[in-house]
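Read the structure below first, then the notes.
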Amino acid sequence: MPETRLLFKHIDVPGIDGIEVYERAGGYRSLRKAVREMSPDDVVREVMTSNLRGRGGAGFPTGRKWSFLPKDGRTRYLVCNGDESEPGTCKDQEIIYRHPHLLIEGVLTSAYAIGAEQAFIYLRGEFKGGYLTLRRAIAEARAKGYLGDDVLGSGRRIDIRLYLGAGAYICGEETAQLESLEGRRGMPRLKPPFPATAGLYGMPTVVNNVETLAAVVPIVEMGGQEYAKLGTKESAGTKLFSVSGNVRRPGNYEVELGKVTMGELLHDLAGGPPEGRRFKAVIPGGSSVPFLPPDKFDTPLDYESLRAAGTMLGSGGVIVLDDQASIVDASLRLMEFYRHESCGKCTPCREGTMWLEQALGRIVSGEGRQGDLKTIEGLIAHIDGQTFCPLGDAAIAALGSALRLFRGEFEERIATPQRQLAEVAQ
Amino acid sequence: MNQEHLAEAKSLLTAFPGKSSALIPILHLVEDEFGYIPQEEVDAVAGLMGVTAAYVEAVLSFYTLFHRQPTGKYLIQVCRGLSCHLRGADRLARFLYEELGVQRGGTTDDGLFTVEEVECLALCKDAPVVQVNLEYRPRATQEELGRLIAESRQEVARHA
Amino acid sequence: MISLTIDGRAVQVEPGTLILNAARQAGIEIPVFCYHPRLAPVGACRMCLVRVDKMPKLVPACTTPVAEGMVVRTDTDDALQSHEGVMDFLLSTHPLDCPICDAGGECELQDNAMRYGSNQSRFAEPKRHLKKATELGPMVELDQERCILCLRCIRFMREEAGDPALTLHDRGNDTVVDVAEGRTFDSIFAGNTVQICPVGALTSRPYRFKARPWDLDMVDSICPHCPVGCHMSLSLRHGDVLRIQSRDSDDVNWAWLCDRGRFGYGFVHQGPRLTRPLARRDGQLVPVDWPEAIAALRKGLAGTAGALGGARISLEAQYLLRRWLREGVGTDHVDHRVQPLTAAIPPGQVGRIDDIDQADLIVALEVELLQEAPVLAIRLRHSVEAGHKLVSISRRKGMLDMPHEEIETEDVARALLDLVRGGGELGETFLHAGKVLILWNGRGREIGDAIAEAHRRRPGDTYAMVVGSLGNSYGAEAAGLVPGPSGLDTRGMLEAAAQGELDGLLVVAQDRRDFPDQELLRAALSRVPFLAVAGFLQSDLTAQADVVLPLAAWVEADGHFVNMEGRAQRYFAGASRPGEVWEDWRLFAHLLDYDWDYDHVLEAVRRDLPDLFAADRRTGGPSPQGGYAAPPGVIVGASIFHKGVMPDPLVQAIVPPPRVFLAPDRAEALALPEGHILDLGPGKAEVGISPELPAGSVMWRIGLEGAGHAVDRLAAGPGLVGKVK
Ligand SMILES: Cc1cc2nc3c(=O)[nH]c(=O)nc-3n(C[C@H](O)[C@H](O)[C@H](O)COP(=O)(O)O)c2cc1C
Ligand code: SF4
Ligand code: FES
């Protein structure tokens with residue numbers, strides 16, 4: 001099963017992070033085409049036709065999102081979500097660090113389409129290297145007239161400002177990101193109003209993921225219709241999957257949606273399990289989705305099929321666990337993450353993740369009690385669907401499925417006395 | 001803040017459509033300069049931004065990259081995201097604690113190194129991942145980290 | 001109207017109503033923690049989740065507006081389980097120290113736990129340990145372990161007070177509420193956070209361990225300290241005021257009070273109160289009975305007499321006082337404007353407090369809201385945020401703490417006239433705005449005239465209010481406690497007395513420190529043959545008096561205060577009266593030889609001053625006459641937080657030391673450094689150097705001990721400085 005490279009077509013070209021090489025590889029053709037030959041609405045139409053869905057996790061149709069902007073003459077903003085903090089996901093990182101001009105071109109073309117003069121790229125604070133890379137690339141693009149007060153002589157102003165977060169997973173959530181961009185604690189905002197009507201500084205705002213905006217470049221280049229032919233009807237185009245954990249060739253792989261199964265991704269592209277091991281399970285869409293067991297590895301990688309298989313495509317971060325990995329340990333590790341990253345605004349997430357972390361911590365360290373699993377299930381029920389933002393649901397997705405699929409592992413750990421665990425550790 | 005940072009901070013005040021957006025970039029300048037955010041700087045930043053000190057503290061304490069205590073010259077952040085966890089992050093961290101004689105979040109007595117365990121650093125394909133002063137060390141190994149520590153020590157000794 | 005059903009009941013409500021409030025209207029209680037009717041909803045605590053047909057998840061009743069045909073159920077299994085879940089979560093970390101908690105009995109966590117909690121917590125993990133019993137500031141104490149992070153206090157401070165002095169720190173499960181490192185919670189609105197805290201995390205230091213709520217009597221009252229007239233509620237036990245809380249009012253204060261109002265009752269019980277009538281016998285002031293004191297008063301005021309003050313007593317007493325002065329004493333020499341004030345009733349049309357929310361243009365004339373009418377700042381901030389224009393015209397900069405346009409001028413009246421005549425962009429706005437509201441500190445005759453002109457220019461929707469007066473100055477003016485046709489004003493009376501032209505003087509509920517020219521007062525008192533003082537507190541004025549008439553404080557009597565909108569607001573007696581004090585109205589009814597009870601008095605007031613009780617808009621006063629005029633270069637400010645005015649043991653901690661502010665050039669010319677202590681004779685004051693002041697000027701605030709030439713001369717020239725040590 002080969003990859004289908006649209007975004008990563010040129011990623012291995014030496015020097016592609018420099019503007020000369022990028023241009024020679026056909027870079028900035030889409031922007032030029034958009035600005036010179038298309039009206040902003042034309043671009044929006046192409047993106048609609050392409051059936052592109054947001055690559056940040058929720059999979060919301062991008063063209064539809066853009067069309068929600070009210071036509072009331074107010075200043076609009078485009079925010080590119082480069083927070084990428086979802087465990088297991090490292091696709092945006094590679095675009096930012098290795099293919100900065102692709103992102104810049106995508107941002108500029110999209111800003112042109114939605115009529116935003118100012119775009120922001122919000123990077124997680126740990127992407128300092130990416131920040132410097134993008135800063136240099138933006139300077140190059142500015143020197144060539146791709147952005148600034150007069151983009152490609154069109155008389156239009158489009159500018160990009162970089163913004164570095166400071167360490168908070170929740171700032172990937174779009175409204176928390178806007179709060180952070182406005183210099184506040186990254187706590188999600190109440191919706192409605194949605195960012196499309198009242199976003200950054202109260203103005204109509206579109207927030208899109210790095211990969212989503214990068215995909216606008218090939219869409220404009222090949223036309224929405226051609227793009228829509230890739231993938232399936234509901235899941236069009238190509239998608240980057242970050243494969244990590246217990247596989248031989250971890251990496252980012254770009255494949256056509258719905259044309260490759262999980263098994264093919266893991267075996268054909270990622271090289272299968274490490275020597276002498278077998279796969280136990282994967283979390284297919286970043287840590288916030290349920291486990292997918294090996295008996296469902298024939299599921300094609302697209303939004304609908306994965307949902308039908310009881311999990312989600314999410315961000316495309318495929319975390320692989322082999323038979324030596326412990327589901328119980330992994331569950332604790334994930335809960336520690338969510339406990340640490342809960343913003344603290346709403347009760348079930350703030351208290352629930354803490355409680356779950358403590359309960360799982362006890363089980364892992366051999367102090368588990370009979371009834372703990374029931375407590376955990378009760379806690380999950382008290383969080384499920386009841387938190388302010390999706391982080392709460394994300395926190396329990398993998399754990400809930402782990403209890404369903406691997407309950408025995410938890411029971412066994414609870415039954416094993418502490419002493420014995422200590423011996424195993426040695 | 002030093003003169004250069006102060007000038008940059010002032011220019012940040014008008015760099016965004018809303019002044020409030022300058023706060024986090026300014027705090028980054030402070031963190032860069034001092035390795036943490038001293039209380040006097042909280043007051044200075046509050047004054048610059050025209051907000052209360054409590055407001056500045058509220059914001060900075062939300063974000064893990066801002067420190068309230070001095071950190072070492074080298075801030076070593078070991079990713080403990082699940083992908084790195086599956087590929088031996090724990091061992092790396094334990095190695096650093098032993099090598100440097102510090103606990104999690106601790107700073108060596110010579111003020112050179114601070115070791116933290118952090119959540120997923122978004123380079124899962126190259127696990128285990130470490131960042132040193134926010135620069136990636138993909139597929140980090142004990143040998144490499146050991147070398148880094150030795151070199152940094154020598155480097156500092158040379159300058160001393 | 002929107003029709004929906006909640007738990008099977010058909011409900012009709014206004015569009016935009018939240019499910020929570022629609023349910024309340026139908027008598028169905030949905031539990032809440034973070035929701036507060038006066039704060040923007042946040043949906044953070046998740047206590048209020050309910051089931052709505054066709055919605056995939058439970059929805060928060062506190063943030064979801066109703067929709068036509070909606071079917072809501074608050075009693076489904078999943079909704080009830082969700083309530084139980086939130087209770088479980090909140091109790092899991094709660095210290096459960098209810099027996100020693102001040103909020104016991106009025107704790108929303110307790111209440112909800114009884115109704116919605118499960119009977120046992122499954123929490124088996126150790127509880128967290130956080131700051132307990134921490135003094136946040138002079139008035140407020142914090143217990144972080146009890147905090148349920150409903151964010152009410154944080155939201156209040158940020159969105160209402162506009163002063164994020166209290167904020168969240170850290171995040172997730174480590175999140176705590178706190179002030180900045182090494183700071184105190186010194187907001188003048190701090191007390192509100194105590195009242196809205198649903199648990200015992202923020203408690204009142206003065207009230208700490210004083211009582212249990214079920215032991216308290218609650219009595220409706222009105223704040224006496226400024227002309228806003230905030231609605232408040234007294235908590236009493238055995239006739240003692242133990243606490244004051246705000247009473248919600250759409251028209252006036254919403255749900256808020258400033259700390260002067262909330263804690264400004266200490267003088268009632270801690271005094272030093274006057275408790276018995278006193279009269280001078282053989283040069284000695286001795287306790288006498290009421291008939292003797294009254295006889296002495298009548299005799300002392302028999303000749304050429306005048307009366308000063310009366311803006312701190314009830315409307316009923318003001319009315320009777322005026323009648324007695326006219327009918328009994330036969331004098332026109334009367335003036336409530338002891339403090340520097342030109343008018344309490346503006347010319348033109350009197351505005352209403354809720355005009356602040358609606359006016360397209362609000363012009364503030366020399367108004368320092370946080371000092372003189374703090375609670376209005378909350379409403380004004382909301383109005384500005386809603387896009388209404390606010391302009392401050394003043395001799396000083398930095399008068400208002402919210403976004404506004406600032407016109408700094410030596411001549412405020414002139415600047416207003418320019419604007420009123422349509423000058424500049426603002427003038428255009430003035431002429432074309434839907435509704436204009438003028439806020440004035442009530443000082444300066446020319447400014448009053450300019451306001452009258454503003455009203456003439458656009459007589460329709462132009463309104464004004466005086467924000468800078470005492471709690472019942474409006475009532476005093478409406479009742480006629482101003483000089484009659486041939487009468488003298490405050491200064492006139494004092495000068496006449498100093499010349500030996502006045503035989504007797506009655507001072508009603510005023511302190512020496514209220515007078516802007518205390519040297520003149522001293523001269524007057526040294527010559528006037530007879531001084532009577534009616535009031536609440538012992539002072540050096542009462543010490544000098546020939547007759548002293550002790551009055552009940554407002555919490556001890558029934559009455560009305562008239563606020564800045566001309567609205568007579570009723571307060572009720574709650575506290576027991578010490579010694580032999582009389583209600584203020586009783587004294588003057590007695591002097592009029594009326595044997596009236598309170599209801600009878602009230603009836604007469606309602607009959608003769610019907611405007612103050614009318615629901616509709618009030619016509620303004622005449623163009624202001626007389627009143628204090630400060631010397632050139634002297635700015636007289638006011639503050640309800642100033643030391644001196646109604647000295648109060650509880651609020652001493654939150655009032656700054658007395659200060660005299662100098663423009664930097666004056667300070668330099670006089671070689672006075674910041675913080676220098678000026679000796680003003682009877683009092684001392686600290687020098688403050690204030691770049692906000694116009695060049696060459698000096699500013700002080702009413703209530704300054706030793707105010708008069710010594711201070712005023714700081715503005716005049718280096719050679720004239722008073723005794724400066
Ligand atoms: C807890 C949480 C974390 C998120 N993190 C990210 C992120 O790191 N990057 C991202 O692009 N979207 C993230 N999202 C999704 C964003 O809220 C938003 O849906 C997305 O940026 C929209 O872009 P798209 O439509 O292009 O996918 C997150 C959402 C939640 C609830
Ligand atoms: S679910 Fe609640 S506490 Fe968690 S991150 Fe979202 S808003 Fe914050
Ligand atoms: S009251 Fe509705 S979420 Fe708190």
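From first to last, the protein sequence lines stand for chains A, B and C.
Residue 1 is where the first sequence starts when you use the working numbering, and the numbers rise one by one after that.
Residue 1 is where the second sequence starts when you use the working numbering, and the numbers rise one by one after that.
Residue 1 is where the third sequence starts when you use the working numbering, and the numbers rise one by one after that.
Note that the Cβ used here is the ideal one computed from N, Cα and C, for glycine as well.
Check: If we cut at 8 Å on Cβ distances, does Val179 of chain C have a partner in chain B?; Outcome: yes
Check: Measure from the C-beta of Glu57 of chain B to each C-beta in chain C and report whether the shortest distance is under 8 Å.; Outcome: yes
Check: Is it the case that the Cβ atoms of Val50 of chain C and Leu4 of chain C are separated by a distance below 8 Å?; Outcome: no
Check: Please classify Arg281 of chain C: does DSSP put it in a helix, a strand, or coil?; Outcome: strand
Check: Would you grab the beta carbon distance between Glu31 of chain B and Phe66 of chain B for me? Rounded to a whole angstrom, and I think it's under 8 Å.; Outcome: 6 Å
Check: Runs of 3 residues minimum, wholly inside the stretch 228 to 314 of chain C: which ones carry the beta strand (DSSP E) assignment?; Outcome: 231 to 237, 240 to 246, 278 to 281, 284 to 287, 305 to 309
Check: Go ahead and label Val243 of chain A buried or exposed: buried means 16 or more other beta carbons lie within 10 angstroms of its beta carbon, across all protein chains shown.; Outcome: buried
Check: Tell me, which residues are paired with Trp582 of chain C by DSSP?; Outcome: C:Leu551
Check: Less than 8 Å separating the beta-carbons of Ile246 of chain A and Gly54 of chain A?; Outcome: Note on residue identity: the sequence assigns Asn, not Ile, to residue 246 of chain A. Cβ distance not < 8 Å, so Asn246 of chain A and Gly54 of chain A don't count as in contact.
Check: Given 7 Å as the limit, tell me if Cys389 of chain A has its C-beta closer than that to any heavy atom belonging to ligand 1.; Outcome: yes
Check: Starting from the Cα of Leu142 of chain C, find the closest Cα among C:Arg379, C:Gly162, C:Cys197 and give me that residue.; Outcome: C:Cys197
Check: Should Asn173 of chain C be counted as a contact of ligand 1 given a C-beta to heavy atom distance under 7 Å?; Outcome: no
Check: For chain C, find out if any of its Cβ atoms is closer than 8 Å to the Cβ of Cys346 of chain A; answer yes or no.; Outcome: yes
Check: Which two residues bound the contiguous beta strand (DSSP E) that contains Cys79 of chain B?; Outcome: 74 to 79
Check: Going by beta-carbon coordinates alone, are Tyr163 of chain A and Tyr122 of chain A separated by less than 8 Å?; Outcome: yes
Check: DSSP beta-bridge partners for Asp159 of chain A?; Outcome: A:Gln118
Check: List the residues of chain B that Leu169 of chain C touches, going by C-beta distances under 7 Å, in chain order.; Outcome: The sequence shown places His at residue 169 of chain C, not Leu. Those within 7 Å of His169 of chain C in chain B are Glu57, Ala58, Ser61.
Check: Just curious, the alpha helix (DSSP H) that Leu82 of chain B is in, first and last residue?; Outcome: 82 to 86
Check: Is Lys65 of chain A near ligand 1, in the sense that its beta carbon is under 7 Å from a heavy atom of that ligand?; Outcome: yes
Check: How many angstroms separate the CA atom of Ala685 of chain C from the CA atom of Gly675 of chain C?; Outcome: 9 Å
Check: Heavy atom of ligand 1 less than 7 Å from the Cβ of Gly54 of chain A, yes or no?; Outcome: yes
Check: Taking the alpha carbon of Gly106 of chain B as the point to measure from, which residue in B:Cys124, B:Asn133, B:Gly72, B:Leu123 has its own alpha carbon closest?; Outcome: B:Gly72
Check: Between the alpha carbons of Leu731 of chain C and Val329 of chain C, how many angstroms are there, rounded?; Outcome: Given a span of 1 to 725 for chain C in the structure shown, any question on residue 731 of chain C remains unanswerable.
Check: Report the rounded CA-to-CA distance for Gly487 of chain C versus Arg337 of chain C, giving the unit in angstroms.; Outcome: 13 Å
Check: Mapping DSSP to helix, strand and coil, what is Gly722 of chain C?; Outcome: Summary for Gly722 of chain C: the model assigns pLDDT 44, below 50, so the residue's position carries little reliability; its value from the coordinates is reported in the next sentence. If DSSP states are grouped into helix, strand and coil, Gly722 of chain C belongs with coil.
Check: What do you get for Glu336 of chain A, buried or exposed, if any count of 16 or more other CB atoms within 10 angstroms of its CB means buried?; Outcome: buried
Check: Excluding the five sequence neighbours on either side, which residues of its own chain have a C-beta within less than 6 Å of the C-beta of Glu140 of chain A, listed in chain order?; Outcome: Ile19
Check: Would you identify the three-state DSSP class for Ser596 of chain C, choosing helix, strand or coil?; Outcome: The sequence as given places Trp at residue 596 of chain C; Ser does not occur at that position. If DSSP states are grouped into helix, strand and coil, Trp596 of chain C belongs with coil.
Check: Looking at the secondary structure, which residues open and close the alpha helix (DSSP H) in which Ile378 of chain C lies?; Outcome: 374 to 385
Check: If the criterion is Cβ atoms closer than 8 Å, does the pair Ile396 of chain A and Asp384 of chain A meet it?; Outcome: yes
Check: Going by C-alpha distance, which of A:Lys128, A:Phe60, A:Val328 is nearest Leu405 of chain A?; Outcome: A:Val328
Check: State the Cα-Cα distance for the pair Ala415 of chain A and Gly258 of chain A, rounded to the nearest angstrom.; Outcome: 42 Å
Check: In the structure shown, what three-state DSSP assignment does Gln12 of chain C receive?; Outcome: strand
Check: List the whole-angstrom C-beta distance separating Tyr463 of chain C from Gly566 of chain C, where the pair is believed to meet the contact cut-off of C-beta under 8 Å.; Outcome: Between Gly566 of chain C and Tyr463 of chain C the Cβ distance is about 11 Å, and since that is not below 8 Å, they are no contact.
Check: Select from A:Glu341, A:Ala270, A:Gly276 the residue whose C-alpha is nearest the C-alpha of Val318 of chain A.; Outcome: A:Ala270
Check: Is the beta carbon of Arg666 of chain C sitting closer than 8 Å to the one on Val698 of chain C?; Outcome: yes
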